[in-house]
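Novice: Here it is: the structure, laid out below.
Protein chains in written order, with my numbering: chain U, 1 to 437; chain A, 1 to 325.
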């Protein structure tokens with residue numbers, strides 16, 4: 001039976017591809033793994049290998065044409081076969097067409113003998129087997145759905161190995177094995193700015209395994225971070241910063257402030273202010289990937305990741321660009337207090353344009369954090385510590401050092417821009433007077 | 001334990017029941033003087049005489065109706081249909097009398113009768129004599145339908161059928177009459193309505209009944225050689241159906257192939273497939289597969305005759321489809 005050849009996701013982030021050249025023409029016979037055509041994806045031009053066998057009966061999207069992932073681009077079958085109903089390219093609609101994989105075939109419910117879709121060729125992604133977030137209708141066996149629910153697996157990030165990409169039991173089992181072997185995911189910025197907020201319970205390993213049902217919050221954390229990590233191509237920039245000037249400035253400020261019941265201004269308030277001022281110079285870092293556009297935010301709303309007993313939350317200090325350090329500190333203390341008591345409203349923790357995560361109080365020297373959408377970058381702040389530093393003149397002195405690691409979404413922020421941002425941030429922290437220039 | 005053929009197991013069952021209960025009679029075409037078209041009733045006329053082993057005219061509707069009448073007034077007849085194909089002539093008697101009397105009389109009239117005979121394709125019998133009747137009969141509330149696959153079950157279930165107060169359609173197969181198997185000498189009964197796990201397995205459940213059991217056991221061997229573990233269920237009884245046995249297996253293996261040597265549309269196998277899809281939905285990793293007879297009248301050509309029926313190859317392929325291998 002004739003079958004449609006569908007546009008495949010040839011990169012993890014690909015939603016649409018452009019046919020550069022067809023290597024086969026109508027009437028050519030096709031074997032599995034033959035190169036059908038070249039497809040320009042969002043990243044590169046890839047060769048499309050056929051999973052079908054037969055004769056190329058019709059090309060639906062010709063050279064230069066575009067097709068969304070899942071849209072038919074050709075029909076393969078036996079010579080002379082009736083392909084009416086299969087020979088229409090997908091209608092271009094504004095919204096992503098759902099379930100385009102099912103052609104309106106004349107035969108009712110004919111089982112598709114489609115070969116399993118090959119795994120999309122992997123670009124050099126840092127994440128092992130970076131899965132794609134599939135668009136449209138999710139195909140999964142009932143058992144796979146049940147298992148995914150039980151284990152809290154987001155099936156949208158899995159590649160199904162069954163017919164037409166159906167997710168089946170073995171795909172879930174594979175995902176579970178991967179999770180088990182990979183261990184806990186990379187450090188997710190969890191931190192309370194003052195004092196050890198995250199105290200692990202003393203419970204040692206018990207003899208029996210225990211299944212902990214997922215809380216709503218845990219599900220959201222898992223889903224949002226997986227979505228971010230698996231859809232935003234992260235890269236990381238690390239820089240050493242001398243925190244001496246900042247800490248000295250903080251000391252002077254705190255000495256001058258009247259004895260305030262609210263307490264001393266925290267280093268985080270300083271950092272937020274420095275970041276806000278640097279963002280003013282680099283609005284591209286204060287932006288969001290929107291799929292079809294980049295949204296450049298009009299305000300600088302900076303979140304701070306705060307650990308809670310049952311997860312973490314990111315309260316947002318609004319409009320940091322227009323606030324002074326003391327004001328930022330007061331806002332922050334109110335928000336952190338609410339966060340600890342689970343009192344934050346969605347308006348207070350959603351929509352950060354940039355996020356800071358610090359694990360310094362836990363003694364962590366440096367780490368990488370996962371970007372907190374809709375922002376495109378997150379700054380991971382390590383512990384301020386004394387370290388020997390070689391000066392430009394070759395002398396070694398002990399300085400108060402802090403390691404900053406910036407995670408950027410490459411779709412929005414190119415490496416040079418991220419690097420320039422981080423370098424300027426370092427300069428601000430080391431020479432705060434520069435803020436006035 | 002003695003090894004005897006399927007036909008002898010049936011004969012022994014009837015012999016024991018005829019001896020045990022004076023009300024048991026056997027009637028049908030050629031059952032007495034000719035000793036049965038397939039020699040199932042061999043020797044019974046000599047032993048029990050013409051009052052209890054009765055040759056009938058070639059009038060299926062007539063002798064089926066006579067049997068039902070005899071059952072209504074207290075006998076426990078075994079009616080042999082020379083083949084189930086001929087039971088089409090008697091269908092009205094089964095559908096409207098045997099199956100309905102208990103219900104229509106408010107429980108006053110029971111019909112303890114067994115209709116037995118070979119069902120389904122044999123060889124070189126073409127379109128009109130190769131048909132499977134399980135779908136027609138299991139469709140009807142008020143009767144039981146059983147289809148054993150071994151001499152042991154044939155004997156134990158036929159004895160249970162004779163003692164059952166409901167009409168029982170007892171499906172045999174011409175190609176199985178010579179099948180040999182161990183049958184104990186001492187008396188035993190096999191209950192109606194109980195499936196049997198013929199072989200335990202982990203990755204796919206293969207379900208059938210009657211003659212295709214041999215085919216699915218062979219298919220399970222082939223799968224095992226290739227490294228796949230199949231659980232094999234012999235339903236033995238189609239109505240009542242041992243749903244529990246089926247569901248607990250499918251819940252374990254997550255995959256199921258039903259083999260029913262009958263046309264696929266509106267068949268017993270398709271109904272069982274629906275039951276499994278409904279009751280094991282969250283345990284299924286693949287759609288339930290069914291290997292049925294092709295949807296055509298049986299061809300006379302022998303190669304085609306074999307080609308339209310379930311085969312080891314077809315069953316193995318279906319099992320691999322549901323295992324995604």
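All C-beta atoms, glycine included, are put in the ideal place defined by N, C-alpha and C.
Since the model is a prediction, treat every value here as computed from it, not as a measurement.
1. Using 8 Å for Cβ pairs, my map puts residue 253 of chain A next to residue 289 of chain A. What's the rounded Cβ distance?
2. At a Cβ threshold of 8 Å, is residue 165 of chain U touching chain A?
3. With a threshold of 8 Å between beta-carbons, can residue 213 of chain U be considered close to chain A, or not?
4. Within 8 Å (strictly less), CB to CB, does residue 283 of chain A reach chain U?
5. To the nearest angstrom, how far is the alpha carbon of residue 124 of chain A from that of residue 300 of chain A?
6. Use the C-beta contact count for residue 11 of chain A: other C-beta atoms within 10 angstroms, 16 or more gives buried, fewer gives exposed.
7. At 7 Å on the CB atoms, spell out the chain U contacts of residue 266 of chain A, in chain order.
8. DSSP three-state call for residue 385 of chain U: helix, strand or coil?
9. Select from U:370, U:428, U:250 the residue whose C-alpha is nearest the C-alpha of residue 233 of chain U.
10. Find out if the Cβ-Cβ distance for the pair residue 372 of chain U, residue 378 of chain U is shorter than 8 Å.
11. If we ignore side chains and look at the alpha-carbon of each, how far apart do residue 102 of chain U and residue 58 of chain A end up?
12. Against chain U, does residue 286 of chain A count as a neighbour if the rule is that its beta carbon must be under 8 Å from one of theirs?
13. Given residue 205 of chain A, which residues of its chain have a CB within under 6 Å of its CB, disregarding the five upstream and five downstream residues?
14. Applying a beta-carbon distance threshold of less than 7 Å, which residues of chain U neighbour residue 254 of chain A?
15. Listing by chain order, which chain A residues have their CB less than 7 Å from the CB of residue 146 of chain U?
16. Which ranges does the beta strand (DSSP E) cover as unbroken runs of at least 3 residues, wholly within the segment 205-262 of chain U, from first to last along the chain?
17. From what residue to what residue does the alpha helix (DSSP H) around residue 4 of chain U run?
18. Tell me, please, whether the CB atom of residue 438 of chain U is closer than 8 Å to any CB atom in chain A?
19. Does the CB of residue 300 of chain A have a neighbour CB from chain C at under 8 Å?
20. Looking at the secondary structure, which residues open and close the beta strand (DSSP E) in which residue 307 of chain U lies?
21. Counting beta carbon pairs with one atom in the segment 248-259 of chain U and one in the segment 373-392 of chain U, are three or more of them shorter than 8 Å?
22. What do you get for residue 134 of chain A, buried or exposed, if any count of 16 or more other CB atoms within 10 angstroms of its CB means buried?
23. Using 8 Å as the threshold, is the C-beta distance between residue 317 of chain U and residue 376 of chain U below it?
24. Could you tell me the alpha carbon to alpha carbon distance between residue 20 of chain U and residue 406 of chain U, rounded to whole angstroms?
25. Following the continuous beta strand (DSSP E) through residue 406 of chain U, name the residue where it begins and the one where it ends.
26. Reducing DSSP to helix, strand and coil, say where residue 358 of chain U ends up.
27. Measuring only the C-alpha atoms, how far is residue 178 of chain A from residue 118 of chain A?
28. Per DSSP, what kind of secondary structure is residue 109 of chain U in: helix, strand or coil?
29. Could you spell out the range, first to last residue, of the alpha helix (DSSP H) harbouring residue 139 of chain U?
30. From residue 242 of chain A to residue 193 of chain A, what distance separates their C-alpha atoms?
31. What first and last residue would you give for the alpha helix (DSSP H) that runs through residue 249 of chain A?
32. Please report the Cβ distance between residue 325 of chain U and residue 306 of chain U, rounded to the nearest whole angstrom; I am assuming they are in contact, meaning their Cβ atoms lie under 8 Å.
33. If we define contact as Cβ-Cβ less than 8 Å, is residue 13 of chain A a contact residue for chain U?
34. Using alpha carbons as the reference points, say which of U:420, U:26, U:360 lies closest to residue 403 of chain U.
35. At a CB-CB cut-off below 8 Å, which residues of chain A make contact with residue 162 of chain U?
36. Between residue 128 of chain A and residue 85 of chain A, what straight-line distance do the alpha-carbon atoms span, to the nearest angstrom?
Specialist: Considering the structure as presented:
1. With a contact defined as Cβ atoms closer than 8 Å, residue 253 of chain A and residue 289 of chain A miss out at about 13 Å.
2. Cβ-Cβ to chain A under 8 Å: no for residue 165 of chain U.
3. Not closer than 8 Å to any Cβ of chain A, the Cβ of residue 213 of chain U fails to qualify, so no.
4. Output row for residue 283 of chain A: interface = yes.
5. Taking the straight line joining both Cα atoms gives about 6 Å.
6. Residue 11 of chain A comes out buried.
7. By Cβ distance, chain U contributes nothing, its closest Cβ being about 16 Å from residue 266 of chain A, past 7 Å.
8. Taken through DSSP and simplified to helix, strand or coil, residue 385 of chain U comes out as strand.
9. The candidate whose alpha carbon is nearest that of residue 233 of chain U is U:370.
10. With respect to the 8 Å criterion, residue 372 of chain U and residue 378 of chain U are classified as neighbours on the basis of their beta carbons.
11. Because the pLDDT at residue 102 of chain U is just 42, under 50, the model does not fix this residue reliably, and the value given afterwards should be weighed accordingly. Taking the straight line joining both Cα atoms gives about 56 Å.
12. Interface criterion met: the Cβ of residue 286 of chain A is under 8 Å from a Cβ in chain U.
13. The residues are 231, 249, 250, 253, 256.
14. Scanning chain U for C-beta atoms nearer than 7 Å to the C-beta of residue 254 of chain A yields 143, 169, reported in chain order.
15. Against residue 146 of chain U, the close residues of chain A are 282, in the order they occur along the chain (beta-carbon pairs closer than 7 Å).
16. List check, beta strand (DSSP E) in window: 234-242.
17. Looking at the DSSP string, residue 4 of chain U is not in any alpha helix (DSSP H); the run it does join, the beta strand (DSSP E), is 3-6.
18. It is not possible to answer for residue 438 of chain U, since the shown part of chain U is limited to 1 through 437.
19. Included in the structure are the protein chains U and A, with no chain C among them.
20. That run of the beta strand (DSSP E) goes 306-308.
21. In this structure the segment 373-392 of chain U does not lie against the segment 248-259 of chain U, because fewer than three pairs of beta carbons, one per stretch, are closer than 8 Å.
22. In this structure residue 134 of chain A is buried. Its beta-carbon is surrounded by 16 or more other beta-carbon atoms within 10 angstroms.
23. Cβ atoms of residue 317 of chain U and residue 376 of chain U: not closer than 8 Å.
24. About 36 Å.
25. 396-409 is the extent of the beta strand (DSSP E) around residue 406 of chain U.
26. The answer is strand: DSSP assigns residue 358 of chain U an E or B state.
27. Distance between the alpha carbons of residue 178 of chain A and residue 118 of chain A: 13 Å.
28. Unreliable placement is indicated for residue 109 of chain U, whose pLDDT of 42 sits below 50; no coordinate value is reported for it.
29. Note, residue 139 of chain U: premise wrong, no alpha helix (DSSP H); not H, not E.
30. Looking at the two C-alpha atoms, the distance is approximately 6 Å.
31. Element bounds for residue 249 of chain A: 243-253.
32. So it is not a contact: roughly 19 Å between Cβ atoms.
33. So, not an interface residue.
34. Ranking U:420, U:26, U:360 by Cα distance to residue 403 of chain U puts U:360 first.
35. Ordered by position in chain A, the residues that pass the 8 Å Cβ test against residue 162 of chain U are 286, 324.
36. Our two residues, residue 128 of chain A and residue 85 of chain A, have alpha carbons roughly 7 Å apart in a direct line.
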